[in-house]
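Undergrad: Sharing a structure with you now.
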Amino acid sequence: MQDTLLLGSEGIKKTILHGGTGDIAKLTTGAKVTFHFRTQLCDDERTVIDDSKVVGTPMEIVIGNMFKLDIWESLLSSMRIGEVAEFWCDTIHTGVYPLVSKSMRRIAEGKDPVDWHIHTCGMANMFAYHSLGYDDLDELMKEPKPLYFVLELLKVQQPSEYNRETWALSDEERLKAVPVLHGQGNKFYKQGQYEKAVQKYKEAIICIKNVQTKEKAWEVAWLKLEKMANTLTLNYCQCLLRMEEYYEVIEHTSDIINEHPGVVKAFYLRGKAHMEVWNEAEARQDFSRVLDLNPGMKKAVKKELAVLNMRMEEKNQEDRNKGPEAGAAPPPGTPPSRRPPGPRITSSSSSCRASAPCGPSASWLSSTPSW
1 MQDTLLLGSE
11 GIKKTILHGG
21 TGDIAKLTTG
31 AKVTFHFRTQ
41 LCDDERTVID
51 DSKVVGTPME
61 IVIGNMFKLD
71 IWESLLSSMR
81 IGEVAEFWCD
91 TIHTGVYPLV
101 SKSMRRIAEG
111 KDPVDWHIHT
121 CGMANMFAYH
131 SLGYDDLDEL
141 MKEPKPLYFV
151 LELLKVQQPS
161 EYNRETWALS
171 DEERLKAVPV
181 LHGQGNKFYK
191 QGQYEKAVQK
201 YKEAIICIKN
211 VQTKEKAWEV
221 AWLKLEKMAN
231 TLTLNYCQCL
241 LRMEEYYEVI
251 EHTSDIINEH
261 PGVVKAFYLR
271 GKAHMEVWNE
281 AEARQDFSRV
291 LDLNPGMKKA
301 VKKELAVLNM
311 RMEEKNQEDR
321 NKGPEAGAAP
331 PPGTPPSRRP
341 PGPRITSSSS
351 SCRASAPCGP
361 SASWLSSTPS
371 W
């Protein structure tokens, strides 16, 4: 069946390729819509830019959740379940498509859709001249064109019919989710399930950062969110220490220290990470700074320095035994995961103290933290 009609919006033309069933879907705020899509150029070959069926996973969006390509909400709201329709959309509706496509491609490749450490606002990023990492999207970004969207509506779930993931939450819901995720992360840490704890802390940090970007930097509301994010980032780093991801710990704690150089726990965790990768001078400097900021940590720092002295002596003896050709290589037992970091989480200040993940009543010197 083919029907061609203009929707009640300028620059849109719809052709029904296959009829659906039932009434037109009711897309209320918070409803989750699952659909397949294919994006094509308006050239003679109908060049395919993206196709969710090729990727193998349908698209999901939540209505009213500030999805960048909001025209898709309008298109989907004209469809029935099971319907397949082709929409011609003029450039007034397709200008942001390259940015949306980049995010979808990165997700399909198993990457984060955005770089966490980039703090430029969304609109500034939109108009900045830089490569998106895909030649076809770069070309489309420089010269926006009309596009065809072929959509197949698979399913519509009302807010009460599914468990909403954090990406689908409103700002208010995200903030309510943070302490829940924080507590789950602490529980997994206590159980020694560090990878699961990392995921919970990371999810909570993303919730906070999404809300924080809408606040004015360094004002009260922004600083409150910053403190929450940094508490979670330091917990995240504590897990990474257990997982022997030392270089990533150094990066994240350095981000915090660079913004707020009075955070004791950041210096303490960075000192421990430096010690594990044989950065003796840096480790000693960080532990010295811990004592400057909190003399009450003298016993804990003394213990860490004793371990550092022992390890450096063992390393030096190993080097002497190997001779001058050995250089500064670490002992044979050095874990292979002591490598440079992957994607970064950027956050800043926290008043939370040193070694255990911070919770409502975290014990910062205990190897088994209390909450």
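If you read the sequence shown in the UniProt record's numbering, its first letter stands for residue 1, the second for the next number, and so on. C-beta atoms are modelled at their ideal positions from N, C-alpha and C, and glycine is treated no differently. From a predicted model like this one, the values you see are computed outputs, not experimental measurements.
(1) Going by beta carbon distance, what residues of the same chain come within less than 8 Å of Asp-23, once the five residues before and after it are set aside?
(2) By Cβ distance, which residues of its chain are closer than 8 Å to residue 451, with the 5 residues on each side in sequence left out?
(3) Whose C-beta lies closer than 6 Å to the C-beta of Lys-53 among residues of the same chain, with five residues either side of it excluded?
(4) Taking 7 Å as the limit between beta carbons, can you name the residues of its chain near Leu-241, skipping five residues before and five after?
(5) How big is the Cα-Cα spacing for Val-198 and Arg-38?
(6) Alpha carbon to alpha carbon, how far is Asp-292 from Met-104? Give it in angstroms, no decimals.
(7) Quick check on Ser-367: does DSSP put it in helix, strand or coil?
(8) Let's test the definition: count the other Cβ atoms within 10 Å of the Cβ of Pro-295 and tell me whether it reaches 16, buried, or not, exposed.
(9) Going by DSSP, which residues form a beta bridge with His-36?
(10) For Asp-319, name the three-state secondary structure that DSSP assigns.
(11) Note down, in chain order, each residue of its chain lying with its Cβ closer than 7 Å to the Cβ of Gly-122, except the 5 sequence neighbours on either side.
(12) Where do the N-terminal and C-terminal ends of the alpha helix (DSSP H) with Cys-89 fall, by residue?
(13) In whole angstroms, what is the alpha-carbon distance linking Leu-69 and Asp-44?
(14) Tell me the DSSP secondary structure of Leu-41 in three-state form.
(15) With distances taken Cα to Cα, identify the nearest neighbour of Leu-175 among Ile-206, Lys-145, Gln-191.
(16) Use the C-beta contact count for Glu-304: other C-beta atoms within 10 angstroms, 16 or more gives buried, fewer gives exposed.
(17) Looking only at C-alpha atoms, which of Lys-14, Lys-13, Glu-73, Leu-17 sits nearest to Thr-29?
(18) How is the alpha helix (DSSP H) around Met-59 delimited, first residue to last?
(19) Taking the C-alpha atoms as reference points, what is the distance between Met-312 and Met-275?
(20) Roughly how far, in whole angstroms, is the beta-carbon of Tyr-236 from the beta-carbon of Lys-202, given that I think they are within contact range, below 8 Å?
(21) With DSSP as the reference, identify every bridge partner of Thr-29, one or two as the case may be.
(22) DSSP three-state label for Leu-147, please.
(23) What residue does the beta strand (DSSP E) around Gly-22 start on, and which one ends it?
(24) Given a cut-off of 7 Å on the beta-carbon distance, is the pair Leu-308 and Ala-283 in contact?
TA: If we stick to the structure as given:
(1) Here Asp-23 has Arg-80 as same chain residues with Cβ atoms under 8 Å from its own Cβ, once five neighbours each way along the sequence are excluded.
(2) Nothing can be reported for residue 451, as the shown portion of the chain is limited to 1 through 371.
(3) The beta carbon of Lys-53 sits closer than 6 Å to those of His-36, all from its chain and outside the five residues before and after it, given in chain order.
(4) The beta carbon of Leu-241 sits closer than 7 Å to those of Val-249, Leu-269, Lys-272, Ala-273, all from its chain and outside the five residues before and after it, given in chain order.
(5) Taking the straight line joining both Cα atoms gives about 35 Å.
(6) Taking the Cα positions, Met-104 is about 47 Å away from Asp-292.
(7) Residue placement at Ser-367 is poorly supported in this model, since its pLDDT is 33, which falls under 50; the coordinates still yield a value, given next. Coil, per DSSP.
(8) By the neighbour-count rule (16 or more Cβ atoms within 10 Å), Pro-295 is not buried but exposed.
(9) Partner(s): Glu-152.
(10) In the displayed model, Asp-319 falls within a helix according to three-state DSSP.
(11) Because the pLDDT of Gly-122 is 39, which lies under 50, any placement of that residue in the model is unreliable, and the question is left without a value.
(12) No alpha helix (DSSP H) holds Cys-89; the beta strand (DSSP E) holding it covers 84-89.
(13) Roughly 25 Å separates the two Cα atoms.
(14) Looking at Leu-41 - three-state DSSP - the assignment turns out to be strand.
(15) Comparing Cα-Cα distances from Leu-175 to each of Ile-206, Lys-145, Gln-191, the minimum goes to Ile-206.
(16) With at least 16 other beta carbons inside 10 angstroms of its own, Glu-304 counts as buried.
(17) Taking Thr-29 as reference, the option from Lys-14, Lys-13, Glu-73, Leu-17 with the minimal CA-CA separation is Glu-73.
(18) Unbroken run through Met-59 is the beta strand (DSSP E), 59-62; no alpha helix (DSSP H).
(19) Distance between the alpha carbons of Met-312 and Met-275 is about 9 Å.
(20) 6 Å between Cβ atoms; contact.
(21) Per DSSP, none; premise fails for Thr-29.
(22) Assignment of Leu-147 by DSSP, reduced to helix, strand and coil, places it in the strand class.
(23) Its beta strand (DSSP E) spans residues 21-24.
(24) If you check the CB distance, Leu-308 and Ala-283 come in under 7 Å.
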